[in-house]
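Number of protein chains: 2
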Amino acid sequence: MKRKATINDVAKAAGVSKGLVSFALNDRPGVSAENRDRIRDIAQALDYRPSVSARSLSTRTSYALGLVIARDPEILGADPFFPSFIAGVERVFLHEGRALVLSVVGDEQHEATVYRTLAADARVDGVFLTDLRHDDPRIPLLHELGMPAVTLGRPEGGAGSEPRPFPVVTLDDTPGIVAVTQHLIDLGHRRIAHVIGPHRMLHASRRNAAFAQTLAAAGLPADLVVETDFTAEQGASATGRLLDLADRPTAIVYGNDPMAIAGIGLAHERGLRLPDDLSITGFDDSELARYVYPALTSVRTDPLRWGEAAARVLLQLVAEGSAADVDLEPARVVTRASTGPAPRA
Amino acid sequence: MKRKATINDVAKAAGVSKGLVSFALNDRPGVSAENRDRIRDIAQALDYRPSVSARSLSTRTSYALGLVIARDPEILGADPFFPSFIAGVERVFLHEGRALVLSVVGDEQHEATVYRTLAADARVDGVFLTDLRHDDPRIPLLHELGMPAVTLGRPEGGAGSEPRPFPVVTLDDTPGIVAVTQHLIDLGHRRIAHVIGPHRMLHASRRNAAFAQTLAAAGLPADLVVETDFTAEQGASATGRLLDLADRPTAIVYGNDPMAIAGIGLAHERGLRLPDDLSITGFDDSELARYVYPALTSVRTDPLRWGEAAARVLLQLVAEGSAADVDLEPARVVTRASTGPAPRA
DNA sequence: AGGTTTTACTAAACCGGTTCAGACCGGATA
DNA sequence: TATCCGGTCTGAACCGGTTTAGTAAAACCT
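If you read the sequences in order, they're chains A and B.
Numbered by the UniProt record's numbering, the letters in the first sequence go through residues 1 to 345 in order.
Numbered by the UniProt record's numbering, the letters in the second sequence go through residues 1 to 345 in order.
Shown next, in the form of structure tokens:
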């Protein structure tokens, strides 16, 4: 376990000052071509890697990006979004010498503390903002802290008084919701329910708006909407309440796959046949969707690609000070056996 | 966004040298009680927080710990183990000023590179070792790199020639497997299959040994063992192969919940009634287990507590140079509706 | 040839902590 | 009174990079 080579070792071996080595390795002007190449070769030969902490100290840059997740670990475990998203981020970081600092906080109470700590300790150069909420308190907080960020999805248009907005990476989920709702309408369903996530979350209300609009266009009411916290437990209980109604729905659209799977379970429990008596759709198209019975119709998003894109945008934002928004291919429906013609009334 | 207070500001305000401030704040001897208190008060008043990067540079310590996960993101998403484990780790770190650096690499090929980079860049002071494998190459690698680690579960006893072994945090899963197998035997099952994870993983073979032993004690053969990669897809196909057998099993024990759920799906697909025609058990007792139909009998582990314990042990190892092993409460069976009496032959 | 600009490089300051050698001081010991 | 000693505290070196000010030599202009 020999000592790591430092910039001084390289300078000594090359017979130049360490300042010049720094210039040469960072592609800065003022170095003769000859010396630049020679220094590079020597650095390589010595297996020199600049010390991250030394560099951090003098540049006030940590070479790490952060992801703070404020969800109950139980839900996190059931929802395959984050692991895939993280894998996508990682795929980009691997080649860029960046590290991902992850923080999981059970509730939104301690969230601000975590961001403040991350900023005060200069642990990260920027963060990913997921699960956007209405009037998201994190956005002014991050502006106050001067912390760069990229948001997944577009936040609500502020009053315009705010500083330069954060870049946005969008994967539009409304086409998916519209398509899946239309799919059910086309199958003859007239009573369609929506089991959504917490409505303080932006995507929940945005999706519900798309849902309601599609129903309205077909002259149908969108009165069967139940809010949940995304857990399978609440997915099951919401399903129970819907099925208890006098004019119960013949189809239910769920905000994620775990809730839909729990819905399938409860429907079976009550002796309903799927999709003959009830059609069910999920969201995210997790791996399990294809293997439950009946196989779950779902809306496919692509968290892996989302992670990759967000990582690239955040890296550019940190490096250049600005980055363009990115729009990914919108979500689309994957039709399987859990949806079928509406039962005849 | 005013500039952060540095140790120099504190020293100046207290009228002492910065060395003394460092001593006072780090509880080291050689500081009068009076000055120690005064310096502390001033530091607090100035909202002073030592710079992590400066401290890292001079102590060669990063104040971060690492977790490298070598699993396909698809599986990661389906398996709720890691999110809960991470949440447990985080719960401890939050109060200790530590950060978690996460790396997800799709395959085991690039794993070594990641560890080497983490070590070379001194990104982390230690790592968590999960999913132990036979002759795990990471153990000698980490010893070579001089990187402290804590392992989840006990690695195979080496030849004794190795350096001081890493501390171990154990959550014994064999009692759970024994109990669930015995549960099926008690229900009258005689043909019991085991769908396990990759057998290069230690826990897969350890669990299968417990499984086989329990069957042997009851005079039954353990000939129906199928290896998978832990994905729902392979869980389903393994189930298919088992059900195609002439003397097919009446009960199947799965290595994780997603595979078991996929197994339930396939059994339904084939028109089998559960648990009348086939009993099924899972592993890990994820949230979804309780809500599928029929509700899944599973073996409950406690990843959250595991994460907490592992974090504490790793912190102590890094701080003190050694840490004692910890044994957590063993896994136990949670019986639900997916298991029932064996069908009469 | 003389003056100005460019280019290539060095030396030293700087980032913000930790740590070590030594100065200073009062009290105990010989 | 001289010596030693333990406790406090200072000053400076150090960690390993980046960056700036300054210098010497070379190139460019009339």
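Yeah, the Cβ is synthetic: ideal placement off N, Cα and C, and Gly gets one too.
Here the structure is a predicted model, which means the values were calculated and not measured.
Proximity below 8 Å, CB of residue i to CB of residue j
| i | j | result |
| --- | --- | --- |
| P198(B) | D229(B) | yes |
| G340(A) | D276(A) | yes |
| I196(A) | G255(A) | yes |
| N35(B) | V16(B) | yes |
| G153(B) | L184(B) | no |
| A193(B) | L224(B) | yes |
| A13(A) | L46(A) | yes |
| A260(A) | F93(A) | no |
| T301(B) | D173(B) | yes |
| L25(A) | A43(A) | yes |
| I86(A) | G307(A) | yes |
| V226(A) | L243(A) | no |
| P155(B) | L317(B) | no |
Three-state secondary structure assigned by DSSP to residue i
| i | result |
| --- | --- |
| A323(B) | coil |
| Y63(B) | coil |
| H194(B) | strand |
| S286(B) | coil |
| T170(A) | strand |
| Y254(B) | strand |
| T181(A) | helix |
| R200(A) | coil |
| R332(A) | strand |
| S17(A) | coil |
| F82(A) | helix |
| P163(B) | coil |
| T151(A) | strand |
| I280(A) | strand |
| residue 402(B) | Here chain B covers residues 1 to 345 and nothing more, so residue 402(B) does not appear. |
| A310(A) | helix |
Cα-Cα separation between residue i and residue j, rounded to whole angstroms
| i | j | result |
| --- | --- | --- |
| L202(B) | D135(A) | 48 Å |
| T59(B) | A122(B) | 11 Å |
| A309(A) | V169(A) | 7 Å |
| I177(B) | G271(B) | 28 Å |
| D325(A) | A112(A) | 26 Å |
| A119(A) | L100(B) | 15 Å |
| S279(A) | L142(B) | 52 Å |
| R273(B) | A267(A) | 16 Å |
| P303(B) | E90(B) | 12 Å |
| R200(A) | A331(A) | 22 Å |
| M1(B) | M147(A) | Confidence at M1(B) is low in this model, with a pLDDT of 49, below 50, so the placement of that residue is unreliable and no value is reported for it. |
| G157(A) | P165(A) | 10 Å |
| V253(B) | Q234(A) | 28 Å |
| L171(A) | Q182(A) | 20 Å |
| P163(A) | R138(A) | 14 Å |
8 Å contact criterion, which residue i and residue j should meet: CB distance rounded
| i | j | result |
| --- | --- | --- |
| G240(B) | D257(B) | With 8 Å as the limit, G240(B) and D257(B) do not qualify as a contact, their Cβ atoms being about 19 Å apart. |
| A218(A) | F211(A) | At roughly 12 Å, the Cβ-Cβ gap does not stay under 8 Å, so A218(A) and F211(A) are not in contact. |
| G126(A) | L314(A) | 5 Å |
| T250(B) | P140(B) | Going by Cβ atoms, the distance from T250(B) to P140(B) rounds to 44 Å, so no, they are not a contact pair. |
| P83(B) | L76(A) | 4 Å |
| S62(A) | V124(A) | 6 Å |
| V180(A) | V333(A) | 5 Å |
| S53(A) | S51(B) | Incorrect: roughly 10 Å between the Cβ atoms, too far for contact. |
| F128(A) | L215(A) | The Cβ separation is near 33 Å, so there is no contact. |
| D338(B) | L296(B) | Going by the sequence as given, residue 338(B) is Ser instead of Asp. With 8 Å as the limit, S338(B) and L296(B) qualify as a contact, their Cβ atoms being about 5 Å apart. |
| L145(A) | R98(A) | Not quite, the Cβ-Cβ distance comes to about 20 Å (not below 8 Å), so this is no contact. |
Burial state of residue i (16 or more Cβ within 10 Å)
| i | result |
| --- | --- |
| D88(A) | The amino acid at residue 88(A) is misidentified as Asp; the sequence shows Gly. With 16 or more other Cβ atoms within 10 Å, it is buried. |
| D72(B) | buried |
| N208(B) | buried |
| H95(B) | exposed |
| S322(B) | exposed |
| T335(B) | exposed |
| S103(A) | buried |
| D79(B) | buried |
| S298(B) | buried |
| Q109(B) | exposed |
| E287(A) | buried |
| R28(A) | exposed |
| G30(B) | exposed |
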